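Peer 1: Encoded as structure tokens, here's the structure I'll be asking about.
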Amino acid sequence: MSPTPLDMERREFLQVSFIAGIGLVVGCSSPRYAAASSGAASTTKTAGELIPNPWIRIDKSGTVTVVVNHSEMGQGIFSALAMIVAEELEADWSKIRTEMASMDPVYVNPAFGVQATGGSTSVRTSWDELRKAGAATRELLISAAASTWGVPPRECRAENGKVNHQASGRSIPYGDLVEKAATMPIPKNVPLKEHYDFKIIGKSMPRLDTLEKVEGRAVFGIDVRQKDLLIATILHPPVYGARLKSFDPARAKTMPGVRHILPVSTGIAVVAERFWQAKKASEAVHVEWDLGQNANLDSESIRARWVELAKQSGKNMLSEGNVDAAMKSTAKTIEAVYELPFQAHGCPEPMNCTASVREDGCDIWVPVQNQGGAQEVAAAITGLDLDRVRVHTTFLGGGFGRRGDVDFVVEAVELSKAVKAPVKVIWTREEDIWHDHFRPASYHVLRAGLDSTGMPVAFHHRSVSPAWMNNTIEILAPAIMPRWLPRFMKNAVSSAAIPVVKYAMSAKSACSGAIEMGYAFEHVSVEYIEDDPGVPTGAWRSVANSRHAFAVESFIDEIAVAGGKDPFELRLHLLRNSPKRRDALKLAAEKAEWEKKPPAGVYRGISVHDFHDTPAAMVAEVSVDKSGQVKVHRVICAVHCGTVINPRNVEVQISGAIAFGLTATLKSSITIAKGRAEQSNFDDFPLLKLGEMPKVEVHIVPSTAAPTGIGEVGVPPIAPAIANAVFAATGKRVRKLPITSQDIQKL
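Numbering follows the numbering used here, with no gaps: position 476 of the sequence shown is 833.
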């Protein structure tokens, strides 16, 4: 999910009254929970724990638990946010623990207005708040130690989980200060550390969740166990938009372990004692569907429609100068069409959710990126107040934006309510791919006008695609409403607001990466044509940026060739007003030794792209054999992400994003036939294999600015870097993904 802040002030709706189990919470200076702080003394109702704010808990052993309000899906956010707290707290890293936050308005992600994870927002929205929380807690502990010793706090210093009195050589571990600190007021306006004083931030610290994952102790959604738990599989419609006509469960009901067969809002559910029993029984259910208007939908008809639509003018998303007039006066014009297919997420852990609905409440155990949306739909289905719906977020076996949707949550809650027992819904791999919410396919027409020196003076980009954010808006709209609003009012307000919000946001989010190119063209125009063919779409790692980067960065290379310019030098010139992108581009070119020829048979391509204020530049080194098979040997990436929390994690995230992008660049796509995806498993939607992964070098532009996101920026630049390298190798311009040997041979 990519953040698009609403033009409204949500903080007035946040009623912060956080009680963390056994302790009264006193907030620090952060505006998100300032309302909870009165400056009164902090207390604990159970001896041995200090809970000075919603993010930190310290027990008598000195163990510091950092409460994390972002889903951990492999991006290392548990460790990154803990490092921020530990730095300002002067904690002993060996005593740091993390736990997932419960549902509470204090944990809302300000980028979305609900408790959710996506858009590479976790670190950048938590940086200031967690530093202040850690610093205030540090000073509180120093005050407690000073009071114990009867000395001024200025004579004391916190370090590595204890407070030292330098003059006397005395020290007290944090755990021994818990009860004293709990009686004292929280310090306000505490100064934060300077960057040169950092001891943890900027170091490649080991991740906190590695050991439990290696040992098999980590609980993912599919691992959840509950007493009397039933397992369900879902038969979704065979065509997108199809509706249930009738079903005959007679044969399936006689099969071992089957407990219930019933319709849900998304299809037919088979509920059994075991997963395999439910799966086999689902194959025996006879279902009749009304296939609807999409029964004959296919990729070819979608493309044909978009070819015609692209001949029309679109919604004006960016306009500077006069492109049409400039094109007429240029010495040379070029035009190209770029196409990208639908893409599945391919999460290693298929969609699943466990729900237990009772008269007094509802508990949900789910690997989800959108806790606020999950809580909201569960409350709507059950009729319970939001406070009665508890969302327990497990580890996520991959998210990539797919788990920002909550369709699988709806199914589990509906079933548990119907059968009056805990139910775990598990999608099969086939259902997971067939009924994914895909990255939208898109069709791009680009034109450029060059002057007599070969420099571009006019640039035009028109794209056609579905608007990926429409479904997300429908999920988020009721979830961002005030919690105290009655259900009927919430439904009415959100229903009225959704069309307005879609009009304001959908086109802009669909053009992310096209509007903010950073290139200084004198005349530039970006247009968008929204067309929804009926294929379900949603957020996909780096959202629209992945599509626009391929089209724009490949076309920039075409401009360079047409004008006789070096692709690196042209980009550097056009980015004269974008210093962060220039810095990333120069560093990537330097580390790749762009000015030198690569080894014989190896060719280079370059690209640069910015995802939410994090620029990344890439140089790809590839070879292409006589059959047209592309081999990627090395990828050099330079990224400008502000202050780096954990350098090793930056390297891992960029490498993972490159691997993710390589699957979409070279391996897989979703094609539509007879109204649904033709692909159904990893045999026909293959992921990048370990032996196909190139050597990756990640270089970080030094910076002391606030950190920006890192989880998605590695995806957009990889496809154009490879495509540009393929052109350098073959003289053939690839304008469609994925890049296959067959397509190269046809060019």
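From the three backbone atoms N, C-alpha and C, an ideal C-beta is built for every residue, glycine too.
All of these numbers come straight from a predicted model, not from anything done at the bench.
I'd like to know if the stretch 796-806 and the stretch 686-702 are in contact, where contact means that at least 3 CB-CB pairs between them fall below 8 angstroms.
Peer 2: Touching, per the Cβ criterion.
Peer 1: I need the boundaries of the beta strand (DSSP E) containing Thr1087, first residue and last residue.
Peer 2: Taking the sequence shown and counting its residues from 1, the one referred to as residue 1087 is at position 730. Not the beta strand (DSSP E): Thr1087 falls in the alpha helix (DSSP H), residues Ile1075 to Thr1087.
Peer 1: Could you give the DSSP three-state label for Tyr464: helix, strand or coil?
Peer 2: Your numbering for residue 464 matches position 107 in the sequence shown. Helix.
Peer 1: For Ser899 and Ala1014, I'd like the C-alpha separation in whole angstroms.
Peer 2: Sequence index remark: in the sequence shown, residue 899 carries index 542 (1-based). Sequence index remark: in the sequence shown, residue 1014 carries index 657 (1-based). Between Ser899 and Ala1014, the C-alpha separation is close to 9 angstroms.
Peer 1: Identify the residues that DSSP records as bridge partners of His522: which are they?
Peer 2: Mapped onto the sequence shown, residue 522 falls at position 165. DSSP output for His522 lists Cys513 and Arg527 as bridge partner(s).
Peer 1: If you count every other CB in all the chains shown that lies within 10 Å of the CB of Tyr553, and 16 or more means buried, which is it?
Peer 2: Translated into positions along the sequence shown, residue 553 becomes position 196. Under this definition Tyr553 is an exposed residue.
Peer 1: Rank Ser869, Val780 and His792 by C-alpha distance to the C-alpha of Ser822 and give the top, closest one.
Peer 2: Against the sequence shown, residue 822 aligns to sequence position 465. Per the Cα distances, Ser869.
Peer 1: Between Asp720 and Val881, what straight-line distance do the alpha-carbon atoms span, to the nearest angstrom?
Peer 2: The residue labelled residue 720 in the question sits at position 363 within the sequence shown. The residue labelled residue 881 in the question sits at position 524 within the sequence shown. Roughly 52 angstroms between the two C-alpha positions.
Peer 1: Suppose contacts are defined by Cβ-Cβ distances below 9 angstroms. Is Gly475 in contact with Ala778 by that definition?
Peer 2: Here residue 475 corresponds to residue number 118 of the sequence shown, with the count starting at 1. Here residue 778 corresponds to residue number 421 of the sequence shown, with the count starting at 1. It is not a contact, given that the beta carbons lie outside the stated cut-off.
Peer 1: For Arg1005, which of helix, strand or coil comes out of DSSP?
Peer 2: Locating residue 1005 in the sequence shown gives position 648, where the first residue counts as 1. DSSP places Arg1005 in helix when its eight states are reduced to three.
Peer 1: Cβ atoms of Gly729 and Arg747: under 9 angstroms apart, would you say?
Peer 2: Translated into the one-based positions of the sequence shown, residue 747 becomes position 390. Translated into the one-based positions of the sequence shown, residue 729 becomes position 372. It is not a contact, given that the beta carbons lie outside the stated cut-off.
Peer 1: Are at least three pairs of beta-carbons, each pair with one atom in the stretch 875-895 and one in the stretch 810-829, less than 8 angstroms apart?
Peer 2: Judged by Cβ distances under 8 angstroms, the stretch 875-895 makes contact with the stretch 810-829, as three or more pairs qualify.
Peer 1: Can you give me the C-alpha to C-alpha distance between Lys1093 and Ser911, rounded to a whole angstrom?
Peer 2: Looking up residue 1093 in the sequence shown gives position 736. Looking up residue 911 in the sequence shown gives position 554. Whole-angstrom Cα-Cα distance: 11 angstroms.
Peer 1: What residue range is occupied by the uninterrupted alpha helix (DSSP H) comprising Phe912?
Peer 2: The sequence position of residue 912 within the sequence shown is 555, counting from 1. Phe912 -> alpha helix (DSSP H) spans Val900 to Gly920.
Peer 1: Just list the residues that DSSP pairs Lys570 with in beta bridges.
Peer 2: If you number the sequence shown from 1, residue 570 lands on position 213. None; Lys570 has no bridge partner.
Peer 1: Would you report the Cα separation of Gly754 and Glu677, rounded to the nearest angstrom?
Peer 2: Within the sequence shown, the letter at position 397 stands for residue 754. Within the sequence shown, the letter at position 320 stands for residue 677. Going by the C-alpha atoms only, they are around 44 angstroms apart.
Peer 1: Please report the straight-line C-alpha distance between Arg938 and Ala945, rounded to a whole angstrom.
Peer 2: Residue 938 sits at position 581 when you count from the first residue of the sequence shown. Residue 945 sits at position 588 when you count from the first residue of the sequence shown. Looking at the two C-alpha atoms, the distance is approximately 11 angstroms.
Peer 1: Where does the unbroken alpha helix (DSSP H) through Ser477 begin, and where does it stop?
Peer 2: Walking along the sequence shown from the start, residue 477 turns up at place 120. That residue, Ser477, is in no alpha helix (DSSP H); it is neither H nor E in DSSP.
Peer 1: When DSSP labels each residue in this structure, what does Thr590 get in the three-state scheme?
Peer 2: Start at 1 with the first residue of the sequence shown, and residue 590 comes out as number 233. DSSP places Thr590 in strand when its eight states are reduced to three.
Peer 1: My guess is that Ser477 and Ile872 are in contact by the Cβ rule of under 8 angstroms, so how many angstroms apart are they, rounded?
Peer 2: Position 120 of the sequence shown, counted from the first residue, corresponds to residue 477. Position 515 of the sequence shown, counted from the first residue, corresponds to residue 872. At roughly 18 angstroms, the Cβ-Cβ gap does not stay under 8 angstroms, so Ser477 and Ile872 are not in contact.
Peer 1: Please classify Asp744: is it buried, with 16 or more other beta-carbons within 10 angstroms of its beta-carbon, or exposed?
Peer 2: For this step, residue 744 is matched to residue 387 along the sequence shown. Asp744 should be labelled exposed.
Peer 1: If I measure Cβ to Cβ from Pro1064 and keep anything under 8 angstroms in the same chain, skipping five residues before and after, which residues do I get?
Peer 2: For the purposes of this step, residue 1064 is identified with residue 707 of the sequence shown, where counting begins at 1. Cβ within range, chain order: Val480, Arg481, Trp484, Cys998, Gly999, Thr1000, Val1001 and Ile1002.
Peer 1: Using only the alpha-carbon positions, how far apart do His749 and Trp722 sit?
Peer 2: On the sequence shown, residue 749 is found 392 positions in, with the first residue counted as 1. On the sequence shown, residue 722 is found 365 positions in, with the first residue counted as 1. Their Cα atoms are separated by approximately 5 angstroms.
Peer 1: When you compare only the Cα positions, how much space is there between Val959 and Asn426?
Peer 2: Reading the sequence shown from its first residue, position 602 is the one you call residue 959. Reading the sequence shown from its first residue, position 69 is the one you call residue 426. Approximately 45 angstroms, taken between the alpha carbons.
Peer 1: Nearest-angstrom Cα distance between Gly962 and Pro542?
Peer 2: The residue you call residue 962 lines up with position 605 of the sequence shown. The residue you call residue 542 lines up with position 185 of the sequence shown. The straight-line gap from Cα to Cα measures roughly 58 angstroms.
Peer 1: Output the boundary residues of the alpha helix (DSSP H) element that contains Val856.
Peer 2: Translated into positions along the sequence shown, residue 856 becomes position 499. Just to set this straight, residue 856 is Pro in the shown sequence, not Val. Where Pro856 is concerned, the enclosing alpha helix (DSSP H) stretches over Arg844 to Ala867.
Peer 1: Under three-state DSSP, which class holds Trp841?
Peer 2: Position 484 of the sequence shown holds residue 841. Reduced to three states, the DSSP call for Trp841 is coil.
Peer 1: Going by DSSP, which residues form a beta bridge with Gln986?
Peer 2: For the purposes of this step, residue 986 is taken as residue 629 along the sequence shown, with counting starting at 1. In the DSSP output, where bridge partners are listed per residue, Gln986 has none listed.
Peer 1: Under 6 angstroms Cβ to Cβ from Ser809, same chain only, skipping five residues before and after it: list those, please.
Peer 2: By one-based count along the sequence shown, residue 809 stands at place 452. Answer for Ser809: Ala688, listed in chain order.
Peer 1: If you draw a straight line from the C-alpha of Gly384 to the C-alpha of Trp412, how long is it?
Peer 2: The sequence position of residue 384 within the sequence shown is 27, counting from 1. The sequence position of residue 412 within the sequence shown is 55, counting from 1. Its pLDDT being 31, under 50, Gly384 is placed unreliably by the model, and the measurement read from it follows with that caveat. Using only the alpha carbons, I get a separation of about 9 angstroms.
Peer 1: Pull up the distance between the alpha-carbon of Gln669 and that of Met838, whole angstroms please.
Peer 2: Indexing the sequence shown from 1 puts residue 669 at position 312. Indexing the sequence shown from 1 puts residue 838 at position 481. About 38 angstroms.
Peer 1: Which partner residues does Met457 have in the DSSP bridge list?
Peer 2: The residue given as residue 457 occupies position 100 in the sequence shown. Per DSSP, Val425.
Peer 1: In terms of residues, what are the limits of the alpha helix (DSSP H) holding Ser656?
Peer 2: If you number the sequence shown from 1, residue 656 lands on position 299. Where Ser656 is concerned, the enclosing alpha helix (DSSP H) stretches over Ser656 to Leu666.
Peer 1: I need the straight-line Cα distance from Met862 to Glu716, nearest angstrom please.
Peer 2: Here residue 862 corresponds to residue number 505 of the sequence shown, with the count starting at 1. Here residue 716 corresponds to residue number 359 of the sequence shown, with the count starting at 1. Roughly 38 angstroms separates the two Cα atoms.
Peer 1: Take Asn1081 as the anchor and find which of Phe925, Ser1037 and Glu1008 has the nearest alpha-carbon.
Peer 2: Sequence index remark: in the sequence shown, residue 1081 carries index 724 (1-based). When each option's Cα is compared against that of Asn1081, the closest is Phe925.
Peer 1: Could you pull the start and end residues of the alpha helix (DSSP H) that Lys610 belongs to?
Peer 2: Position 253 of the sequence shown, counting from 1, holds the residue named residue 610. Looking at the DSSP string, the run of the alpha helix (DSSP H) that includes Lys610 is Ala607 to Lys610.
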